[in-house]
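What follows is a short report on a single structure.
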Amino acid sequence: MLARFALALGAVAALCSTAAGAAGTRAFTVDAALSAPYPDLLTASPDHRALLWTVHARGARNLALWKDGTVRLVTHETADDGQDLSDPQLLADGTAVLYARGGSNQSDTEGGTNPNPLGLAEPPSRRIVLTSLASGTSYEVGEGIHPVLSPKGDRVAWEAHGSAMVATLATTDGGATWTVGKPAPPFTVRGAVSELTWSPDGTRLAFTIDRGDHAWVGAYTLGAPNVVYVAPGFEQDGMPAWSPDGTKIAFVRRPGPAYRDDPAYDPPSSAPWSLVVADARSGAGHVVWTADRGTGHTYASYSLGGPSLWWSGDGQRIAFLWEKTGWIHLDAIDARGGAARDLTPGRFEVEQVAPTADGRALLYTSNQGDLDRRHVWRVGFAGGVPARVTGGDDSQWTPVGLADGSVAYVNGGWAAPPQVTHLDGGATHALVAAPAPREYPGDAFV
């Protein structure tokens, strides 16, 4: 063991010595090699005219905003305290940002905990934060994870200890100061609540209720006396997605366990997964599509964060990821039912997916024609030949469609640190919120 460690240490020393020579007088160190800021969680504003993302720089996590052609940091944390930022969102009127600050994004029921690397006597909590863009003042909304803003920006819902919570947000001076209402559970149900999502008009919430051996999708109208259980059964339902007009909810249905007394010992089911579409008011629904038996019959949430089902802007089609061919592809069906159409045929994997701003097409990342890299592609909900949006020696990921038809994404390569990039009319523009430090030895990488 000691001999192997000595050999590994010698190899690292030799690499650093060689790289230092290649970089001239600049020393190549592990700290310098890891010093470049890392952008993540790129997302668009509700009107698709601004961009928001997280920036990790030397352990400190902050939010960056691109709006009206200008990039700036919204938060100014400097400590490497282990408290991550997640779920960044811009309010509809563009006056404030909302995000979660804390460690694990897992719920308490999934074993999620918050790190305390500084050994604070009073450990930090996972909390929801609102920050004014005008004043820079931050307001604690509540404790929990996975916040979701209502479309109007006047409410926020989130998960806390397996329950749903909602608080109101109000401003009377254009967003300089805010009043945050007292958090309260909008409803109480048996089971752990997750996957909260607002209806397009912001008056209702869809969510998943996990009861162990089965899970249901629920819908609740704010202030109503009853929760609507959406096409309930004995399966594992989840990942609800509202139709654009708010009249329907689509969700994924997976088979329930055969051994209900102890689901942990349940063997994999041979029954395929399905898609269900239901009336959002009554909860009545039906299966509109079922996966074939064999390859791809077992569902897995392949999308790297975010939704797993995507409605077209006209509400006529639903897109999803399916491993029918042994490759993860993007498929679509008529929302009324019917056979699935492979939108991305070929021997490659599809990873991240995002609808364009007009809802007519889908942006996605794949290694099509370049197995060792990821590039952005575009394909219509109705099908057609996919169009390559990006390429080159670097990889691109986390695509976001903007209102003018342009595209933003994160670009990075073996020698180029990742950075948010805007592609407009064939020209690319780096959106740099925190530049790489002078000691970053990118030109020494081999």
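Positions in the sequence shown are counted from 1; adding 35 to them yields the numbering used here.
Think of the CB as a built atom: it goes at the ideal place given N, C-alpha and C, for glycine as much as any other residue.
1. Please confirm whether Gly226 and Ala259 have their CB atoms less than 9 Å apart.
2. In the structure shown, what three-state DSSP assignment does Gly258 receive?
3. Could you please give the first and the last residue of the uninterrupted alpha helix (DSSP H) stretch that includes Asp66?
4. Under DSSP, the beta strand (DSSP E) around Glu112 begins and ends at which residues?
5. Any idea if His111 is buried or exposed, counting beta-carbon neighbours within 10 angstroms, 16 or more meaning buried?
6. Restricting to Cα atoms, I'd like to know which of Ala451, Gly197, Ser317 is closest to Ala465.
7. Hey, is the segment 115-129 in contact with the segment 77-89, meaning 3+ C-beta pairs nearer than 8 Å?
8. The beta strand (DSSP E) that contains Ser441, what's its start and end?
9. Give the secondary structure of Asp428 by DSSP, where H, G and I count as helix, E and B as strand, and everything else as coil.
10. Could you check the C-alpha separation between Pro81 and Arg246 for me, to the nearest Å?
11. For Asn446, count neighbouring Cβ atoms within 10 angstroms of its own Cβ and tell me buried if that reaches 16, exposed if not.
12. Pull up the distance between the alpha-carbon of Ala199 and that of Thr64, whole angstroms please.
13. Indicate whether Val311 and Val262 have their beta-carbon atoms separated by less than 9 Å.
14. What residue range is occupied by the uninterrupted beta strand (DSSP E) comprising Leu87?
15. Using alpha carbons as the reference points, say which of Ala95, Ser70, Ala99 lies closest to Val455.
16. Counting along the chain, where does the beta strand (DSSP E) carrying Glu503 start and finish?
17. Are the segment 226-237 and the segment 208-218 touching by the rule of at least three beta carbon pairs closer than 8 Å?
18. Going along the chain, which residues of its own chain have a beta-carbon closer than 8 Å to the beta-carbon of Arg239, five neighbours each way excluded?
19. Would you list the one or two residues that DSSP bridges to Ala276?
20. Would you kindly work out how many angstroms separate the C-alpha atoms of Ser309 and Asp66, rounded to a whole number?
21. Kindly indicate which three-state DSSP category Asp327 falls into: helix, strand or coil?
22. Sorted by chain position, which residues of the same chain lie with C-beta nearer than 7 Å to Glu175's C-beta, five sequence neighbours on each side aside?
23. From the DSSP secondary-structure annotation, give me the bridge partner or partners of Phe242.
24. Consult DSSP for Cys51 and reduce its assignment to one of helix, strand or coil.
25. Mind checking whether Ala202 and Val215 have CB atoms under 9 Å apart?
26. According to the Cβ coordinates, are Asp428 and Gly448 closer than 9 Å?
27. Among Gly137, Trp346, Gly104, which has the Cα closest to the Cα of Gly177?
In brief:
1. no
2. Secondary structure at Gly258: coil, using DSSP grouped into helix, strand and coil.
3. 65-68
4. Run containing Glu112: none; DSSP gives neither H nor E here.
5. exposed
6. Ala451
7. yes
8. No beta strand (DSSP E) contains Ser441, which DSSP labels as neither H nor E.
9. If DSSP states are grouped into helix, strand and coil, Asp428 belongs with coil.
10. 33 Å
11. buried
12. One C-alpha to the other measures close to 46 Å.
13. no
14. 85-92
15. Of the listed residues, the one whose Cα sits closest to Val455 is Ala99.
16. No answer is possible for residue 503: the residues shown for the chain start at 36 and end at 481.
17. no
18. So the qualifying residues of the chain are Trp233, Ala254, Tyr255, Thr256, Leu257, Gly281, Ala315.
19. Ala285
20. 48 Å
21. coil
22. Arg162, Val164
23. Gly253
24. Residue confidence is low: Cys51 scores 48 on pLDDT, short of 50, so the model does not pin down where it sits. Its coordinate-derived value is still stated next. Reduced to three states, the DSSP call for Cys51 is helix.
25. yes
26. yes
27. Gly137
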